[in-house]
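Peer 1: Using this note's numbering, the letters of the sequence shown correspond one by one to residues 319 to 1286.
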Amino acid sequence: MSSAAYSGAAMEWLNAQPAPPMRADLSGLSNELAIKLIHELIDNRPFDLPLQANPPAGDWINHFYFEARNREKVFGSKNLRIGYPFVLTNMGGQEVAAPLFLWQVSLEPNQLHPDQWHVQRTDLHNLQPNYPFFHLFDALYATEFSKLAESVIDNNKLNVKAFGELCESVRQHLGLVEDGLPLSIQPFERWEGERSSGRLLWAAVAGIFPSLPRTQVTRPPLVAPDLPAETSDWQHSFTLLLLDPSQRSVIGAVQRNALTVVEGASGSGKTYLISAIVMNALSNGKKCLVVSKSITSLRRAQKFLLEKGIGECSFVLRDIDGDKLMLADMLRMSADSKSKPNHNPELFKTVLNKTQREQGKLDQAWEDIHKPFFGQLNFSETVGRFLRANRTEGKELLLSLLNPSEFTYEVEEYEKIVAAIYASEPLFRRFPTLHHPLNRLNHNVFSDFEKERGKSWTETQVRQLLSKATNLHHRFIGQTNDYDESLHDLFEQYYNDLSLYIKRIQNGVEDGVIRFGPDFEKPLSGSEKLYGVFSEKYKELVAAKERIGGIFDEMRQAYTLRRYFEFDFPTQFDPKNIRKVSELTKDFDAALKMWRRRVPAIVREDVRRLNAKSIHSELDFREQIKDLEVALDTFVEEFNATGLYQDPLRHEMLTIPKRQEFLEEVIAKLEDTQFYLRDFDDFYIWQKHWLALPPAAQKTVRALCKIKPQNWQAAFESWYLHQLLQKEFRPEFQWDDDTLSNVSAYCKELRQMMPGQISAKWQERKNTALKAMKSAHGADYKNWFGKDNRKLSASLRAETLFHLHMHPLTETLPVLLSTPEVALDVLQLSKMQFDVVLVDEGHNIPKQECYHLFELAKHLVVFGDARQDMTPFAEDDILEFCKGIGAKSMHLDYQHQDTPEGWVRFNKIAFGTPFKRMPSGRSALDSTVVVNVEGRYDEQHGTNEAEARQIIDWLNLIEPTPTNTYPI
């Protein structure tokens, strides 16, 4: 056992050396007063001693006074005490400076002299042993000094003889050196742990000592944080108070779970909800215990019960002895009360069934609309996010650019795309194009290579491939040109050959006409043929015609062998008919000349269709053209083998010109790549990022790059969430107005009937319990519930009532509101288990003071606000303890304070208060004062003198209070 197992408050009792202004050496305040005080305390006498507050004691006493009044107002306990005598030693591995006993005292200012005070002690002030010290003593040394210390105090009086014997026993057991005479007073010598042995120091320290329970619990309980509770005996979850949705969810969780943790900021309605849970529990016949360090919180929780007419079921236990008379009066009045509440059980049951039925419909709709719809977002939050994004950038921007079927609409996809947009937008602004020539490069250049190596490799490949492509291109140009010229020469020779025939025919006709006259062109008649036998002239004429006809036949034969153009010669024709020959020759000459004019176009067309199979039959170019085709195919294979471009080169070109065009395109791409390698460094960053994006993100970013909206993420969110909502929408998400109206009407009727139902239920149970007690324990009944209970219980200890008769007490007062000390010291003595135990402000209660609540409760509910915890990482309070063992927290999401609506967002950002709120109707302009202060900021001290002066002026406007108290 080490002292580290104790709470922070207990540690203040274990290390209570003077530490102004919280604690001061009594001799340091006034040596004369110290002697008188110790004598009066030892002699058990009330006193009122004057105290002159000289510096610096005056400041300490002022602090004692205001701090004690403040704590009494907030916590309901008197914390100004005098500790005496002190044990200074090492226990459990830690230095201890602990008083053995502590006496409550009070301070009152002198009404006439501001520096004079009165130290007072009355019969209402208690005397306590140092519980943590004696508990640690017993745990370390297996003793029973705790019981012995309790026996020293008899009815709040000190047994001087037993006191002296106890001090001597402690000294001897711990081997302490006695410093000072027994029962004397001397200045406190600070213990630094330097001496080899401890001391029993007869000195006294006055100051603020936090309230502690008598019972010290240091071993945490074994708790299953997710253990379900028995829910079959809970009839309903309705209450008398109007609740927001998050508060209603808590009530449902309380009924289902054995342990519930509820967190909410200041003003979120925690104490209000505690009262609502108590009301629901009372209606279900459950007993409740409300625990809080703050007496103000307990009274506020009770106030809601009083306002709803069921306050007679509750009682606030601040101090078991101090509240004994008030408790006796409450029990007597409750026992004497015989009036029957106005309650119709059948009508209540009918209204309850109707309300539960309609509320069930509403709860199901609420559950559907608030369960996770898109990741952690529910349907309403998803719609809200869509509307916010759509106001910024409309969903229509991407409607025509993205295909909804290509997205899965999952949170993981959404988050990846949002991250891609966030990273892509600044890169795109730096490199604003998606069609850069370097896009052609293989992705491995960016994924497998570092930037410098990738650039060097690309430059080398481009240079080599461009050289090969250029050489091949020159071969294409040369071979095509050779073929073109050869074809021109072939056609020119063809033309010349036919032109020669035509010229010979035309010259022959011309010579014949000159020599033989016009008759030369006429066909031969029968008489001319006869004359030709005898006439030489006619023989020559016939020979000339036959010669011209022969040339014509040769020309026709030459044309027939190579018909490069269309001309029709008659099938039946007399070649000696010179006129006909002349006419045909003239027509043929015209056709030949027309063909010659078309030769360039014919050659171009032939070259355009040039391949290894279409080569002119009279030209010997087949091998050269085939070599070109093979060379291009080989180049393409080599190009693709290098892996320079992501998309391999492909072509289905059949003709040489088309292949040349393809090669020129490749050269152009290579030249573009070579030219734009100057952008490689910047492009490398973009492309490496781009290739890392998933396909859906690439499509989205590409679309956003096209439309270039002002807010990229909003443009994507509006489109994406619109498609998601269309895809996943269900009719159950729509509210049913009739159900809302019915629930509102039925709940209102039920709230009107519940006070009577609660009073009737508990009056019946009270009467049964008191009747049984009166029969079995008549004397105890008279002492605590009878007409003279004040007188009869005056000499009795209140603990006996809680220890022996907890059942009739809680049947009469089913709601007890107490401090942790009372719950630990008194209530657990009964061994009774409350149905519901609620802990308010759990962040302010040491976990050691709440360990026992796990055994006291069937349903334990811990409320708190981790943001108000001064030591959030220490896990030294009950809230952090419950969260530390794995209990899941529920959060109150609505702000209930009457805060001006203009402050809601500010408070959310500054203090983390809920953004959801109940409407107040107040404007921030009605409650806010804004003053523009001109001043100079002092960086060294972190202050602005002008601002400080303005704040002081505002503070001076606060009117003084009638009494000298510290305002809370």
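Even glycine gets a Cβ: it sits at the ideal position worked out from N, Cα and C.
(1) When you compare only the Cα positions, how much space is there between N762 and K1006?
(2) State buried or exposed for G511, treating a residue as buried only when at least 16 other CB atoms are found within 10 Å of its CB.
(3) DSSP three-state call for F887: helix, strand or coil?
(4) Can you tell me whether A334 is helix, strand or coil according to DSSP?
(5) Here's a check: name, in chain order, each residue in its chain whose Cβ is nearer than 6 Å to the Cβ of F365, leaving out the five neighbours to either side.
(6) In chain order, which alpha helix (DSSP H) runs of at least 4 residues are fully inside the region 350–402?
(7) On the criterion of 16 or more Cβ atoms from any shown chain inside 10 Å, does H431 qualify as buried, or is it exposed?
(8) Using the beta-carbon count (16 or more within 10 Å), is S601 buried or exposed?
(9) Identify the residues that DSSP records as bridge partners of K863: which are they?
(10) Can we say the region 913–927 touches the region 802–821, given the rule of at least three CB pairs closer than 8 Å?
(11) Could you give the uninterrupted runs of the alpha helix (DSSP H) lying entirely in the region 1167–1197, keeping only those of 4 residues or more?
(12) Of the residues N789, L759, L1042, which one's Cα is nearest the Cα of W775?
(13) DSSP on A342, reduced to helix/strand/coil?
(14) Identify whether L561 lies in helix, strand or coil by the three-state DSSP scheme.
(15) If the criterion is Cβ atoms closer than 9 Å, does the pair V1144 and H1177 meet it?
(16) For a test of your reading of the model: does the CB of L600 fall under 8 Å from any non-hydrogen atom of the ligand ATP? Yes or no.
(17) Taking just the CA atoms, how far does Q674 sit from D686?
(18) Under the DSSP definition of a beta bridge, which residues are partnered with A415?
(19) How is Q694 classed by DSSP in three states: helix, strand or coil?
(20) Hey, quick one: how far does the alpha helix (DSSP H) through C606 stretch, first residue to last?
(21) Alpha carbon to alpha carbon, what distance is there between L367 and S1136?
(22) Are P1027 and E714 touching if we call contact CB-CB under 9 Å?
(23) Could you compute how far the alpha carbon of R618 sits from the alpha carbon of K588?
(24) According to DSSP, what are the bridge partners of D1256?
(25) Using CA coordinates, which residue listed in N474, F556, L902 is at the minimum distance from S1113?
(26) Roughly how many angstroms lie between the CA atoms of D1106 and H1121, to the nearest whole one?
(27) Write down the C-beta distance between L1039 and A707 rounded to the nearest angstrom, noting that I regard them as a contact closer than 8 Å.
(28) Beta-carbon separation of L717 and E989 under 9 Å?
(29) Report the residue from R517, L466, F506, P744 whose alpha carbon sits nearest the alpha carbon of R489.
(30) Can you tell me the Cα-Cα spacing of L705 and S1036, whole angstroms?
(31) Look at I595 and E385 and say whether their C-beta atoms are less than 9 Å apart.
(32) Could you name the residues of the same chain whose beta carbon sits closer than 6 Å to that of A337, not counting the 5 residues immediately before and after it, in chain order?
(33) Out of curiosity, what's the CA-to-CA distance linking E1173 and Q1151?
(34) Tell me the rounded alpha-carbon separation between H453 and A460.
(35) In or out: R1115 buried (at least 16 other Cβ within 10 Å) or exposed?
(36) Put E730 into one of helix, strand or coil per three-state DSSP.
Peer 2: In this structure, then:
(1) Straight through space, the alpha carbons of K1006 and N762 are spaced by roughly 10 Å.
(2) A caution first: G511 carries a pLDDT of 49, below 50, which makes its placement in the model unreliable, though a value can still be read off. Taking all protein chains in view, the Cβ of G511 is surrounded by fewer than 16 other Cβ atoms within 10 Å, so the residue is classified as exposed.
(3) F887 falls in the coil class under three-state DSSP.
(4) In this structure, A334 counts as coil in the three-state DSSP scheme.
(5) Excluding five sequence positions before and after F365, the CB atoms of its chain that fall closer than 6 Å to its own CB belong to E358, R439, given in chain order.
(6) As for any alpha helix (DSSP H) of minimum length 4 sitting wholly inside the region 350–402, the runs are 375–393, ordered along the chain.
(7) Around the CB of H431, fewer than 16 other CB atoms lie within 10 Å, so the residue is classed as exposed.
(8) Its Cβ being crowded by 16 or more others within 10 Å, S601 is buried.
(9) According to DSSP, K863 bridges with nothing at all.
(10) Yes, the region 913–927 touches the region 802–821.
(11) For the region 1167–1197, the continuous alpha helix (DSSP H) assignments of 4+ residues that do not extend past its boundaries occur at 1171–1174, in sequence order.
(12) Distances from the alpha-carbon of W775 to those of N789, L759, L1042 put L759 closest.
(13) A342 falls in the strand class under three-state DSSP.
(14) Three-state result, L561: coil.
(15) Not a contact, by the Cβ cut-off of 9 Å.
(16) For the ligand ATP, the structure offers nothing, since it holds no ligand at all.
(17) Cα to Cα, the separation comes out at about 18 Å.
(18) Its beta-bridge partners are N333, L406.
(19) In the structure shown, the three-state DSSP call for Q694 is coil.
(20) Counting along the chain, no alpha helix (DSSP H) covers C606; the unbroken beta strand (DSSP E) around it starts and ends at 606–609.
(21) Across the structure, S1136 and L367 are spaced so that their CA atoms are roughly 33 Å apart.
(22) No. Outside cutoff.
(23) Whole-angstrom Cα-Cα distance: 11 Å.
(24) Paired residue(s): T1261.
(25) Of N474, F556, L902, the residue nearest in Cα terms is N474.
(26) C-alpha separation (whole angstroms): 21 Å.
(27) Yes, they are in contact, since the Cβ atoms of L1039 and A707 sit about 7 Å apart, within 8 Å.
(28) No, Cβ-Cβ distance for L717 and E989 is not below 9 Å.
(29) Ranked by Cα distance from R489, the options R517, L466, F506, P744 are led by R517.
(30) Within the model, the alpha-carbon separation for L705 versus S1036 is close to 7 Å.
(31) Not a contact, by the Cβ cut-off of 9 Å.
(32) Here the set comprises nothing.
(33) One C-alpha to the other measures close to 7 Å.
(34) Between the C-alpha atoms of H453 and A460 there is a straight-line separation of about 10 Å.
(35) So R1115 ends up on the exposed side.
(36) Looking at E730 - three-state DSSP - the assignment turns out to be helix.
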